[in-house]
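Mapped onto the working numbering, the consecutive letters of the sequence shown carry residue numbers 5 to 84.
Ideal Cβ placement from N, Cα and C applies to all residues, glycine included.
Scroll down for the structure; my scribbles are underneath it.
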Amino acid sequence: MELLQFIKDEGYTEARFVLIDGKGCCLNLHEIYTNDQFLHHLKLVPTLVHYFPLEREPYIECIENERTMKIKLIKGSVLI
Numbered sequence: 005m006e007l008l009q010f011i012k013d014e015g016y017t018e019a020r021f022v023l024i025d026g027k028g029c030c031l032n033l034h035e036i037y038t039n040d041q042f043l044h045h046l047k048l049v050p051t052l053v054h055y056f057p058l059e060r061e062p063y064i065e066c067i068e069n070e071r072t073m074k075i076k077l078i079k080g081s082v083l084i
């Protein structure tokens, strides 16, 4: 299963993360249509993904080689 579709199927509408350069990003998942587009915004291709749905602020952790990125997942209505 593709990562983006899984996140959307779980009901998440927004993803927030910090890029390697320290810049914060917020993606409206309604505006992302493909897994490739999602990974392009992350600027990594994970070899391993961990999902933490029961945390107070659910997130996924994407690991590529020795680099790890935490992506906070948000449910709710996002204005389109």
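For LYS12, the uninterrupted alpha helix (DSSP H) run begins and ends at 7-13, by DSSP. Here LEU43 is actually not in contact with TYR63; their C-beta atoms are around 17 Å apart, not less than 8 Å. For the pair LEU33 and GLU18, the CB atoms are nearer than the 8 Å cut-off. Judged by beta-carbon spacing, PHE21 lies beyond the 8 Å limit of ILE67, meaning their Cβ atoms are not closer than that value. Beta-bridge partners assigned by DSSP to TYR37: none are found.
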